[in-house]
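Student: Residue numbers in the sequence shown follow the UniProt record's numbering, run continuously in steps of one, and reach 295 at the last position.
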Amino acid sequence: MARTQSKTTLAHASRQTPKPTMKPAATRKPSVSQAIAVPLSFILVVAAILAFAPIPHPPNHVKIPIFGTSRHFKTGEHFLHNRVKNTPSWLYLTLHAGPSMAWSVLMPLQHVAWIRRNVPAFHRTSGYIIMATSLLLALTGLGLLSDYKDSPHPPFFSLHTLNGNSPIPWPTFRLTTALLAVPFLYSLYRAAMAGTSKQYELHRYWATVHTIFGYAIGLERLLLLGTYPLGWVAALYAKIDLREILGYEDTIASLAEAEHEVFALVNIGVLALILFWLRYEFGGKGSPLARVKKE
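#1: List, from N- to C-terminal side, the beta strand (DSSP E) runs of 3 residues or more that fit wholly inside the stretch 209 to 265.
#2: Quick check on histidine 96: does DSSP put it in helix, strand or coil?
#3: Can you have a look at isoleucine 55 and say buried or exposed, based on whether 16 or more other CB atoms are within 10 angstroms of its CB?
#4: Please list, in chain order, all residues of the same chain as lysine 23 whose beta carbon is under 7 Å from its beta carbon, the five residues on each side excluded.
#5: Let me check understanding here. Comparing Cα to Cα, which of Leu135, Pro58 and Tyr200 lies closest to phenylalanine 184?
#6: Apart from the five residues on each side of it in sequence, which residues of its chain come closer than 7 Å, Cβ to Cβ, to tryptophan 277?
#7: Just mark tryptophan 90 as buried or exposed, buried being the case when its beta carbon has 16 or more other beta carbons within 10 Å.
#8: DSSP three-state label for proline 171, please.
#9: Can you give the beta carbon distance from serine 31 to threonine 208, rounded, assuming they're within the 8 Å contact cut?
#10: Leaving out the 5 sequence neighbours to the left and right, which residues in its chain are closer than 6 Å to leucine 275 when beta-carbon positions are compared?
#11: Assuming alanine 35 is part of the alpha helix (DSSP H), what are its boundary residues?
#12: Between which two residues does the alpha helix (DSSP H) harbouring valine 84 extend?
#13: Would the stretch 255 to 273 count as touching the stretch 158 to 176 if we require 3 or more Cβ pairs under 8 Å?
#14: Closer than 7 Å by C-beta to tyrosine 128: which residues in its own chain qualify, once you throw out the five before and the five after it? Chain order, please.
#15: Measuring CA to CA, which of Lys63, Val182 and Ala51 is closest to leucine 80?
#16: Okay, do the stretch 94 to 114 and the stretch 35 to 43 touch, 3+ Cβ pairs below 8 Å being the bar?
#17: So what's leucine 179 in DSSP terms, helix, strand or just coil?
#18: How about valine 112 and threonine 176: are their beta carbons less than 9 Å apart?
#19: Looking at the unbroken alpha helix (DSSP H) that takes in arginine 71, where does it start and where does it end?
#20: Are leucine 225 and alanine 234 touching if we call contact CB-CB under 9 Å?
#21: How long is the line joining the alpha carbons of leucine 137 and threonine 196, rounded to whole angstroms?
#22: What do you get for tyrosine 189, buried or exposed, if any count of 16 or more other CB atoms within 10 angstroms of its CB means buried?
Here it is, written out as structure tokens:
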């Protein structure tokens, strides 16, 4: 009788024991996934290397379709190559491209929990390097947004419409990039202040925000690379003449104008991705962002 009662009690208890559930995204601690950080860092490192050793321009007989590159309005070469040639090497290479590689290598390591727990000295030293590098990259990046000889960029506050084909205009690449620098620098400041005051949970939140905005250029490069195959596929396989459809002339200057407008549009896509990323990490009721605001 006692054995039967014991079995009944155990069976009842097993029915009452709640099944383990996954912790909702809104209550977990924010952390940048290595599956996102490492590929974006790889893209940034490759882009920095190309600043030191740019890819040669295709021969003149190779006709690049519209949106198949981002050409300079005079030379037809990729405008970033033109930027490297017309910018002092101490600014573009020494103070920007070089430090960006260090930032890209160290940043994913900052979000490895094992390193934070077991090698705190490395995490702390790497954090100081990243903060100094972030400030340097922001300042030099803003400097690179200025006009220079044969600059391919339109006026800072102009709007793009793809030759009037879009009813909704969008701002220039330079303006949106300058706007992205604001939360990038603010989150850097908040992360640094929280870290030095040993508010480690708050530091982690702001460091995550800073990382997300820091990867804006990586996301921009990724989306930009995605537009190039579309231009080639439309021209070679779909036999669609996007230039004629959009009303652009078959000249280097006209094609460059169209490609720079798409280049600026890519930054709008980056802003959307960043907002989605922030919403994923911090959004929702009882989210870490709410706790950050209280502090």
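Positions of the beta carbon are idealized from the N, C-alpha and C atoms, including for glycine.
Tutor: Well, looking at it:
#1: You should have found no qualifying run.
#2: For the purposes of this step, residue 96 is identified with residue 96 of the sequence shown, where counting begins at 1. Three-state result, histidine 96: helix.
#3: Residue 55 sits at position 55 when you count from the first residue of the sequence shown. Burial call: exposed.
#4: Taking the sequence shown and counting its residues from 1, the one referred to as residue 23 is at position 23. Unreliable positioning characterises lysine 23 in this predicted model, as indicated by a pLDDT of 46, which lies under 50. The coordinate reading is nonetheless provided below. Apart from the 5 residues on each side of it in sequence, lysine 23 has no Cβ closer than 7 Å to any other Cβ in its chain.
#5: Sequence index remark: in the sequence shown, residue 184 carries index 184 (1-based). Comparing C-alpha distances from phenylalanine 184 to each of Leu135, Pro58 and Tyr200 shows the shortest one belongs to Leu135.
#6: The residue given as residue 277 occupies position 277 in the sequence shown. Around tryptophan 277: Ile212.
#7: Walking along the sequence shown from the start, residue 90 turns up at place 90. Looking at its Cβ environment, which holds fewer than 16 other Cβ atoms inside 10 Å, tryptophan 90 is exposed.
#8: For this step, residue 171 is matched to residue 171 along the sequence shown. Reduced to three states, the DSSP call for proline 171 is strand.
#9: Reading the sequence shown from its first residue, position 31 is the one you call residue 31. Reading the sequence shown from its first residue, position 208 is the one you call residue 208. Contact flag correct, Cβ pair sits at about 7 Å.
#10: Position 275 of the sequence shown holds residue 275. The same chain holds no residue with a CB closer than 6 Å to that of leucine 275 once the five nearest residues on each side in sequence are set aside.
#11: As a position in the sequence shown, residue 35 is number 35, starting the count at 1. Here the alpha helix (DSSP H) through alanine 35 covers 34 to 52.
#12: Within the sequence shown, the letter at position 84 stands for residue 84. Its alpha helix (DSSP H) spans residues 79 to 86.
#13: Yes, the stretch 255 to 273 touches the stretch 158 to 176.
#14: Taking the sequence shown and counting its residues from 1, the one referred to as residue 128 is at position 128. Sequence-distant Cβ neighbours of tyrosine 128 in its own chain, meaning closer than 7 Å and more than five residues away, do not exist here.
#15: For the purposes of this step, residue 80 is taken as residue 80 along the sequence shown, with counting starting at 1. The shortest C-alpha separation from leucine 80 is found at Ala51.
#16: These segments touch.
#17: Here the question's residue 179 lines up with position 179 in the sequence shown. Leucine 179 sits in a helix when the DSSP states are folded into three classes.
#18: The count along the sequence shown starts at 1 and reaches residue 112 at position 112. The count along the sequence shown starts at 1 and reaches residue 176 at position 176. For valine 112 and threonine 176, no; Cβs fall outside 9 Å.
#19: The count along the sequence shown starts at 1 and reaches residue 71 at position 71. Element bounds for arginine 71: n/a, residue is neither H nor E.
#20: Stepping through the sequence shown from its first residue, residue 225 is reached at position 225. Stepping through the sequence shown from its first residue, residue 234 is reached at position 234. Contact flag unset, no.
#21: Within the sequence shown, the letter at position 137 stands for residue 137. Within the sequence shown, the letter at position 196 stands for residue 196. Each residue's alpha carbon lies about 21 Å from the other.
#22: Residue 189 sits at position 189 when you count from the first residue of the sequence shown. Counting other Cβ atoms within 10 Å of its Cβ, tyrosine 189 stays below 16 and is therefore classed as exposed.
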